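2 protein chains.
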Amino acid sequence: MLYKTNNDLHSFSASDNNYKSYYECTANIIAQIEVDSTQLKEYNAALKEQMQTAVRWEPGVLTYYAVADKKLPSRITILEIYADSAAYQKHITTPHFKKYKTTVAHMVKKLELVEVDLIGSAKQPGL
Amino acid sequence: MLYKTNNDLHSFSASDNNYKSYYECTANIIAQIEVDSTQLKEYNAALKEQMQTAVRWEPGVLTYYAVADKKLPSRITILEIYADSAAYQKHITTPHFKKYKTTVAHMVKKLELVEVDLIGSAKQPGL
C-alpha cells in the first residue's frame, strides 16, 4: 500500500467502535540513541527540526514521538512510523535527513534501530 | 494543568508553523515488557483491550502506542502519554487497568517502567 488518506486515518480514534489498527502495513522503528550529554540541547534542536521537516514535506512520514529518560536525558527513544518501507527508504535519502545526520554525527554516542510491528494504538479524538 | 481540549490539541500538526510541544506538562512512560512467548496472542489481546478502554473512559489517558520487536515479538514497548501525574495515578486504580494487570500477571516475565519527557512529536494532520 501507499498510505491512507487523512480521512481514513481520522476515523482511528477512541470513538471508533470498530477499533483496529489503521497502521497495519506501516514500517515502524524504535530508535534508541545515546547522546553526548554536553551537546544535548543542540541534539534535541536538530532532532525536532528533522521531525517537523520530514512530516511537513514527506506524506509517507506519518508519526514521530521522541522522548528522553527523565533521570538520564541523554538516553533518547524515538518511535517512528512510516507509511511503508518505501517511504522510509525515501526518507533517508532526503536533504533534511542527511542534514540531520551530518549535524548530529559528533553528538551521537550510540544508536540502535529496531524494526517493530505495531500491536495497537489508541488516543483521544483530535490528538 | 489538567489536559488540553481537543481543539487546542488539534492544532498540533505538521501544518502548524508555530510548532511546539502541546504535551509539555504530560506524564509519559515507556514500558518495556517481556511476555511469555507461548501466551503472546492472549497478552496482546488484553493489552489492546486495556488501551482502548482507558482512552475511551479516561480523558486524562491521552495516547498509547504499543509495538513489538519484529524479530522477538515477545519484546514489547509501550509509549504511554497521560495528561498529568494525577491522570496516571487515577488510571492505575481503574477497574479496567486492574483487570488487565490480573489477566496478564502470569504472562509477563519482565516489566520495566521508565518515566520520560517528551522532546517533541510530529505527525501528519488527521492522524
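Line by line, the protein sequences give chains A and B. In terms of the working numbering, the numbers along the first sequence are unbroken and rise by one, the last being 567. In terms of the working numbering, the numbers along the second sequence are unbroken and rise by one, the last being 567. The C-beta atom is built at its ideal place from N, Cα and C for all residues, glycine as well. Note that the structure is predicted; figures quoted are calculated from it, not measured.
- For A:Glu498, there is no enclosing beta strand (DSSP E), as DSSP gives it neither H nor E.
- Secondary structure of A:Lys563 (DSSP, three-state): strand.
- Listed along chain A, no residue sits closer than 7 Å to B:Ser514 by beta-carbon distance, the nearest being about 11 Å off.
- In the three-state DSSP reduction, B:Lys550 falls in the strand class (E or B).
- Nearest neighbour of B:Glu555 by Cα position, chosen from B:Phe537, B:Ala562, B:Lys549 and B:Tyr528, turns out to be B:Tyr528.
- Close to A:Pro535, with beta-carbon spacing below 7 Å, lies no residue of chain B; the smallest spacing is near 17 Å.
- In this structure, A:Leu502 sits away from A:Ile518, with a CB-CB distance that is not shorter than 8 Å.
- For B:Thr466, no Cβ of chain A is located within less than 8 Å of the residue's own Cβ.
- With a cutoff of 8 Å on beta-carbon distance, B:Ala562 and A:Gln564 are scored as not near each other.
- Residue-level contact check: B:Gln564 touches chain A, since one or more beta carbons of chain A fall below 8 Å from its beta carbon.
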